[in-house]
Amino acid sequence: MLAGFLKSLWVTLRHIFKKPVTVQYPHERREVYDRSRWRHVLLRHEDGLEKCIGCSLCAAACPADCINVIAGENTPDNRRSPGERYATIFEINMLRCIFCGYCEDACPTGAIVLTENFELSDYNRDDFIYGKDRLLIDIPEGVALMKDILNRGNVLKYEDKAEAKDEGELAHTAKP
Ligand code: SF4
Ligand code: SF4
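See below:
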């Protein structure tokens with residue numbers, strides 16, 4: 000019994016002056032890895048139109064079946080994207096998402112991008128269904144985000160991505 004007590008005391012003493020491996024989250028935050036992929040956003044073109052054309056390729060590629068896209072027709076009075084159609088409804092169920100990035104890879108317009116934001120906690124299950132009101136970001140925010148992602152070499156530029164696809168290379172956006 001005494002031996003057990005001394006042994007556990009020794010373990011405690013050995014670790015008491017070591018630097019802790021934990022941090023005081025959320026007051027302290029560790030840097031995430033460059034290739035981290037978490038919360039999605041939908042981007043706009045420079046003229047403000049939505050990059051998403053409502054094609055549902057992301058939903059088709061999603062292994063967790065957590066994207067819901069309902070497309071509508073653009074009209075001269077209500078043009079939302081450069082294509083024929085746009086997403087009237089775009090929803091992602093973050094509870095089902097496994098953050099694989101396949102949706103980003105599948106998107107032909109570079110509309111959907113996974114970001115470094117992993118802080119997705121909430122109180123109600125319904126609040127984990129992210130709609131366009133939370134996914135679609137403004138242009139300055141989108142430009143800054145893409146600049147940051149490209150600077151870190153996290154994704155290929157859209158043109159590089161298209162070229163890689165043409166050459167039959169991997170469609171994955173992350174650089175090795
Ligand atoms: S990251 Fe993967 S699981 Fe999540 S929405 Fe995209 S394709 Fe689906
Ligand atoms: S995010 Fe991309 S793949 Fe998904 S519906 Fe919009 S344009 Fe199509």
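First residue of the sequence shown: 0, per numbering that gives the first Met the number 0; consecutive thereafter.
Think of the CB as a built atom: it goes at the ideal place given N, C-alpha and C, for glycine as much as any other residue.
Every value quoted in this text rests on a predicted model; they were computed, and no experiment measured them.
- Inclusion of tyrosine 24 and alanine 60 in the CB contact set at 9 Å is not warranted, their separation being larger than that value.
- Under the three-state reduction of DSSP, asparagine 150 is assigned to helix.
- Around the beta carbon of leucine 134, a 10 Å sphere encloses 16 or more other beta carbons of the protein chains shown; the residue is thus reported as buried.
- In the DSSP annotation of this structure, the continuous segment of the beta strand (DSSP E) that includes tyrosine 85 starts and ends at 84-92.
- For glutamate 118, the closest C-alpha among the options Ala63, Pro75, Asp137 and Leu94 is that of Leu94.
- The three-state reading of DSSP puts histidine 39 in strand, counting E and B together.
- The Cβ-Cβ distance between threonine 114 and isoleucine 66 does not fall below 9 Å.
- Closest in alpha carbon position to isoleucine 52, among Arg151, Arg13, Arg78 and Phe127, is Arg78.
- A distance below 7 Å between beta-carbons, with the five flanking residues on each side excluded, links glutamate 103 to the following residues of its chain, in chain order: Ile111, Val112, Leu113 and Thr172.
- In the DSSP assignment, the residues bridged to leucine 113 are His39.
- Taking 8 Å as the cut-off, one finds at least one heavy atom of ligand 2 near enough to the beta carbon of alanine 110.
- Counting only residues of its own chain and dropping the five nearest sequence neighbours on each side, glutamate 90 has a CB closer than 6 Å to the CB of Asn67, Ile128 and Gly130.
- Cβ-Cβ separation between proline 62 and cysteine 99: approximately 6 Å, consistent with a contact (criterion under 8 Å).
- The closest heavy atom of ligand 1 lies less than 8 Å from the beta carbon of proline 62.
- The Cβ-Cβ distance between arginine 43 and glycine 141 falls below 9 Å.
- Asparagine 73 and serine 120 have their C-alpha atoms some 35 Å from each other.
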